[in-house]
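Asker: There's a structure below that I have some questions on.
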Amino acid sequence: MAGLGNGKETKMKRYREIVGDGGSAVLAQVQEQRARVESRLARVRHVVAVASGKGGVGKSVVVANLAASLTQQGRRVGVLDGDLNGPAIARMLGVGHQTLRVERDHAAPAIGPLGIKVVSMALLLPRDDTPVIWEAPTQDDAYVWRGTMEASAAREFLADVEWGELDYLFIDLPPGAERLPHLAGLLAGRVRGAVVTIPSQVSRMIVAKAVVLARTAGIDMFGEVENMAGYVCPRCGAVGDLFPGDDAEAAATSLGLPSLGTIPFDPRIALCADRGDPFIAVYPDTAAAEAFAAVASRLDALLEACG
Ligand SMILES: Nc1ncnc2c1ncn2[C@@H]1O[C@H](COP(=O)(O)OP(=O)(O)O)[C@@H](O)[C@H]1O
Ligand SMILES: [Mg+2]
23 MAGLGNGKET
33 KMKRYREIVG
43 DGGSAVLAQV
53 QEQRARVESR
63 LARVRHVVAV
73 ASGKGGVGKS
83 VVVANLAASL
93 TQQGRRVGVL
103 DGDLNGPAIA
113 RMLGVGHQTL
123 RVERDHAAPA
133 IGPLGIKVVS
143 MALLLPRDDT
153 PVIWEAPTQD
163 DAYVWRGTME
173 ASAAREFLAD
183 VEWGELDYLF
193 IDLPPGAERL
203 PHLAGLLAGR
213 VRGAVVTIPS
223 QVSRMIVAKA
233 VVLARTAGID
243 MFGEVENMAG
253 YVCPRCGAVG
263 DLFPGDDAEA
273 AATSLGLPSL
283 GTIPFDPRIA
293 LCADRGDPFI
303 AVYPDTAAAE
313 AFAAVASRLD
323 ALLEACG
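The structure is reproduced here in structure tokens:
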């Protein structure tokens, strides 16, 4: 940074140099990309970005199972995995072994067992344990750099992938409160946001930041899903408390969001996610499968009402 006495001066462009974009054509490129994204999404009815603030709350599992429930309810669904560092969606939706088909003028999504279309960085990596390496000058820069790279990779996917006709395109965002605003510039007016929390004060505190930031960026936040709300006893099927905490409805209200519903903790959800089997199809008569279906119906009703 300039003026810190480290002898290095970074020269920033002045606004006069940016007028007409100083010849670098960045502005024109951004506009062109935005136009491409718009035409790629022309046949997608609802774009829903799902954020959580905090990692490990089950956001990807919720996205995967909502995608499956909506598909069972007759909707056409695609999922874009926006988490480049920990891509999980491809595996959870049973396409982990496929590769992304990249043609000259577009990329074609992988198609999972239920017909769900999936795009993920994981489908470009040679092996499951191959990390995406982010070059950053210092460790301090790494987080910011990663966020920026993730946002631009998501933009490239949105500009290149041909989804075809979809009722829902879910974007599974990486953890971090600022992820939704990153999308706003590109998908302004086209994307709505939902959040996933668990019944803990820490999770809710962090997700509240995500909601405030998203709203400030002009994103319509339409609902909250509370995951791991209670534990399903594998012997009798009864649901007991997993975390102490107030009820989900009150938590959603404090975020100023409608509650889309709650999902209990059920070890078979994790098992199916790891195997890439659709939980709701393998265990249809469980409290958790019914909960996913109820959340999917609520989401569908809310968004259909929005037009
Ligand atoms: N309701 C649930 N019941 C059982 N396991 C769950 C549930 N929700 C998430 N998990 C498991 O918790 C772990 C973290 O979930 P994941 O969806 O990867 O979190 P996130 O995307 O928020 O980082 C995974 O192993 C997942 O299978
Ligand atoms: Mg995830």
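To convert, count from 1 in the sequence shown and add 22; that's my numbering.
Here a beta-carbon is modelled for each residue, glycine too, at the ideal position from N, C-alpha and C.
With a threshold of 16 other CB atoms inside 10 Å of the CB of A313, please say whether the residue is buried or exposed.
Answerer: For the purposes of this step, residue 313 is taken as residue 291 along the sequence shown, with counting starting at 1. Buried: at least 16 other Cβ atoms inside 10 Å.
Asker: So, for V141: in the same chain, excluding its five sequence neighbours on each side, which residues have a beta-carbon less than 8 Å away from its beta-carbon?
Answerer: Along the sequence shown, one-based indexing puts residue 141 at 119. The residues are G100, V101, L102, D103, L122, A129, P131, A132, F179 and V183.
Asker: Using a Cβ-Cβ cut-off of 6 Å (strictly less than) and excluding sequence neighbours within five positions of M23, which residues of its own chain qualify?
Answerer: The residue given as residue 23 occupies position 1 in the sequence shown. Note that M23 scores a pLDDT of 36, beneath 50, so its modelled location is shaky; the value from the coordinates is reported in the next line. Nothing listed; no residue qualifies.
Asker: Helix, strand or coil for H204? Go by DSSP, reduced to three states.
Answerer: Here the question's residue 204 lines up with position 182 in the sequence shown. Helix.
Asker: I'd like to check one pair, V218 with A339: are the Cβ atoms closer than 9 Å?
Answerer: Since the displayed the chain opens at 23 and closes at 329, residue 339 lies outside it and no answer follows.
Asker: What ranges does the alpha helix (DSSP H) occupy inside the segment 263-308, keeping only unbroken runs of at least 4 residues that lie completely in it?
Answerer: Listed in chain order, the complete alpha helix (DSSP H) runs (minimum 4 residues) inside the segment 263-308 are 270-276, 289-297 and 301-304.
Asker: Classify H119 as buried or exposed, calling it buried when 16 or more other Cβ atoms lie within 10 Å of its own Cβ.
Answerer: On the sequence shown, residue 119 is found 97 positions in, with the first residue counted as 1. Exposed, by the Cβ-count rule.
Asker: Quick test of the definition: if touching needs 3 or more C-beta pairs under 8 Å, does the segment 85-94 touch the segment 229-246?
Answerer: In short, these stretches do not touch, since the Cβ pair count stays below three.
Asker: Please state whether the Cβ-Cβ distance between L191 and L63 is less than 9 Å.
Answerer: The residue labelled residue 191 in the question sits at position 169 within the sequence shown. The residue labelled residue 63 in the question sits at position 41 within the sequence shown. Cβ distance < 9 Å, so L191 and L63 count as in contact.
Asker: Between the alpha carbons of D299 and G137, how many angstroms are there, rounded?
Answerer: Within the sequence shown, residue 299 is the residue found at index 277, counting from 1. Within the sequence shown, residue 137 is the residue found at index 115, counting from 1. Those two C-alpha atoms are separated by around 13 Å.
Asker: Taking DSSP's pairing of strands, which residues face D189 in a bridge?
Answerer: The sequence position of residue 189 within the sequence shown is 167, counting from 1. None, per the DSSP bridge assignment.
Asker: Check whether the segment 266-285 touches the segment 237-254, taking contact to mean three or more Cβ pairs, one atom from each stretch, closer than 8 Å.
Answerer: Yes, they touch.
Asker: Spatial neighbours of S91 within its chain, please: C-beta separation below 7 Å, excluding the five flanking residues on both sides.
Answerer: Counted from its first residue, the sequence shown places residue 91 at position 69. Excluding residues within five positions, the ones whose Cβ falls inside 7 Å are I302, F314, A315 and A318.
Asker: Judging by CA-CA distance, which residue of Y305, D322 and M143 is the nearest neighbour of D189?
Answerer: Within the sequence shown, residue 189 is the residue found at index 167, counting from 1. Cα-wise, what sits closest to D189 is D322.
Asker: Can you find a heavy atom of ligand 2 that lies under 8 Å from the Cβ of S276?
Answerer: By one-based count along the sequence shown, residue 276 stands at place 254. No, the Cβ of S276 stays beyond 8 Å of every heavy atom of ligand 2.
Asker: Less than 7 Å between C-beta atoms, sequence neighbours within five positions excluded: which residues of the same chain meet that for A199?
Answerer: Start at 1 with the first residue of the sequence shown, and residue 199 comes out as number 177. These residues qualify, in order along the chain: G75, I228, K231, A232 and L235.
Asker: Using a Cβ-based criterion (distance less than 8 Å to any ligand heavy atom), does F287 qualify as near ligand 1?
Answerer: Position 265 of the sequence shown holds residue 287. Yes, Cβ of F287 sits closer than 8 Å to a heavy atom of ligand 1.
Asker: Give the DSSP-derived three-state secondary structure of E246 in the structure shown.
Answerer: As a working mapping, residue 246 is identified with position 224 in the sequence shown. In the structure shown, E246 sits in a strand (DSSP, three-state: E or B).
Asker: Evaluate C328 with the Cβ neighbour count: other Cβ atoms within 10 Å of its Cβ, from every protein chain shown; 16 or more gives buried, anything less gives exposed.
Answerer: Taking the sequence shown and counting its residues from 1, the one referred to as residue 328 is at position 306. C328 should be labelled exposed.
Asker: Report the residue ranges of all alpha helix (DSSP H) runs contained in full by the segment 65-136; include only those spanning at least 4 residues, in chain order.
Answerer: Segments of the alpha helix (DSSP H) lying fully in the segment 65-136: 81-94 and 111-114.
Asker: Looking at the structure shown, is R257 part of a helix, part of a strand, or coil, going by DSSP?
Answerer: Locating residue 257 in the sequence shown gives position 235, counting from the first residue. Looking at R257 - three-state DSSP - the assignment turns out to be coil, as it is neither helix nor strand.
Asker: Helix, strand or coil for R214, going by three-state DSSP, please let me know.
Answerer: What you label residue 214 is simply residue 192 of the sequence shown in a count that begins at 1. R214: strand per DSSP, three-state reduction.
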